[in-house]
Amino acid sequence: MDFDGLDRQLRDSLADLKLSNEERDELRQLGSELAPDQVRFLRNRAFDLVRELVLVEEQGERIAALKWLEQVVRTLEVTAAAPRSRASAYFSPGEECRRKIRELCRQARQSLDICVFTISDDQLSAEILACHRRGVPVRIISDDDKQFDEGSDIHALREAGVPLRIDDSPFHMHHKFALVDGAWLLNGSFNWTRSASVNNEENLLVTDDAVLIGAYRREFEELWGRYAPR
1 MDFDGLDRQL
11 RDSLADLKLS
21 NEERDELRQL
31 GSELAPDQVR
41 FLRNRAFDLV
51 RELVLVEEQG
61 ERIAALKWLE
71 QVVRTLEVTA
81 AAPRSRASAY
91 FSPGEECRRK
101 IRELCRQARQ
111 SLDICVFTIS
121 DDQLSAEILA
131 CHRRGVPVRI
141 ISDDDKQFDE
151 GSDIHALREA
161 GVPLRIDDSP
171 FHMHHKFALV
181 DGAWLLNGSF
191 NWTRSASVNN
201 EENLLVTDDA
211 VLIGAYRREF
221 EELWGRYAPR
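As structure tokens, this is what we get:
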């Protein structure tokens with residue numbers, strides 16, 4: 001968003017002399033996405049707008065405007081103080097992607113939610129089973145057609161007691177993402193197959209970005225509910 005757009009957003013918010021909960025959430029998210037100079041512009045522009053208003057309005061409106069300003073500044077301060085998200089990228093062929101997935105599976109303590117097209121890499125399946133056996137809640141969503149491929153580990157994981165749901169549409173469940181402890185998102189083209197590590201040009205992005213994790217968590221829960229046994 002450019003500076004004119006930021007100015008319009010502040011003016012729209014100030015129009016009713018209130019910073020609603022929805023506006024506060026939008027401002028918090030916006031602040032987390034903006035460059036430092038844009039955050040400074042927002043803060044300074046908020047002061048300018050209120051300064052203009054208090055010169056012409058009655059006392060009641062002045063107090064409301066000052067309260068709005070206080071809320072805007074506090075919201076931006078919280079955003080500025082929040083730690084920046086971390087992200088790293090991995091590529092195959094080679095061991096980078098598989099090694100990172102195995103590492104995060106071993107670190108899982110609270111949950112492991114996997115939503116992938118197929119699983120046929122025995123090393124990754126072994127890590128999933130290890131998580132399950134040490135008591136970490138594991139859930140898997142996968143594609144209905146791919147479960148019947150030669151070498152697929154989906155049936156073995158189901159037989160081992162891992163909660164698993166399969167799509168029931170004529171199309172593919174083609175996602176390749178996972179959530180570890182609700183704190184890490186793994187996403188990319190990388191299929192959880194041996195050929196993805198040995199032969200294919202693939203990528204894997206790992207991040208702790210809270211906004212992205214929230215979006216993928218909602219997608220996982222929506223699919224988990226949609227593919228529930230009937």
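Here UniProt numbering is used: position 34 in the sequence shown is 34, and no number is missing along the way.
Every residue gets a Cβ at the ideal spot worked out from N, C-alpha and C, and that includes glycine.
Among the options, nearest to residue i - alpha-carbon criterion
| i | options | result |
| --- | --- | --- |
| residue 231 | VAL116, ASP37, GLY135, LEU10 | Given that the chain is displayed from residue 1 to residue 230, the structure contains no residue 231 and the question cannot be resolved. |
| SER217 | ASN203, ASP181, GLY5, ARG102 | First, the amino acid is wrong: residue 217 is Arg here, not Ser. Of ASN203, ASP181, GLY5, ARG102, the residue nearest in Cα terms is ASP181. |
| GLU95 | SER85, LEU112, ASP121 | ASP121 |
| ILE213 | GLN29, ALA35, ALA178, ALA160 | ALA178 |
| HIS172 | GLU103, VAL198, LEU223 | LEU223 |
| GLY135 | CYS105, ASP144, GLU219 | CYS105 |
| ARG86 | HIS132, ASN199, GLU26, TRP184 | TRP184 |
| PHE117 | LEU69, GLU33, VAL138, THR193 | THR193 |
| PRO163 | PHE148, HIS174, PRO137 | PRO137 |
| ASP144 | HIS174, GLN29, LEU124 | HIS174 |
Cβ-based burial, residue i [other Cβ within 10 Å; buried from 16]
| i | result |
| --- | --- |
| SER197 | buried |
| GLU22 | exposed |
| SER88 | exposed |
| GLY31 | buried |
| ALA35 | exposed |
| LYS146 | buried |
| SER20 | exposed |
| ASP113 | buried |
| LEU55 | exposed |
Cβ neighbours of residue i in the same chain (closer than 7 Å, five flanking residues each side left out)
| i | result |
| --- | --- |
| LEU66 | VAL50 |
| PHE190 | SER92, CYS97, LYS176, ALA196, GLU202, ASN203, LEU204 |
| PHE41 | PHE3, LEU6 |
| ASN199 | PRO93 |
6 Å Cβ shell around residue i - same chain, five flanking residues per side excluded
| i | result |
| --- | --- |
| ASN187 | PHE177, LEU205 |
| HIS132 | VAL138, VAL162 |
Query raised in the report: Considering only residues of the stretch 95-181, which uninterrupted alpha helix (DSSP H) runs meet the minimum length of 4 residues and lie entirely inside it, listed in chain order?
Result: 96-107, 122-133, 154-159
Query raised in the report: Do three or more CB pairs link the stretch 157-175 to the stretch 58-72 at distances below 8 Å?
Result: no
Requested in this report: Say whether the stretch 118-138 touches the stretch 152-159, bearing in mind that this needs 3 or more beta-carbon pairs closer than 8 Å, one atom from each stretch.
Outcome: yes
Report task. Taking 8 Å as the threshold, find out whether the stretch 97-104 comes into contact with the stretch 201-209 through three or more Cβ pairs. Result -> With the cut-off at 8 Å, the stretch 97-104 and the stretch 201-209 touch.
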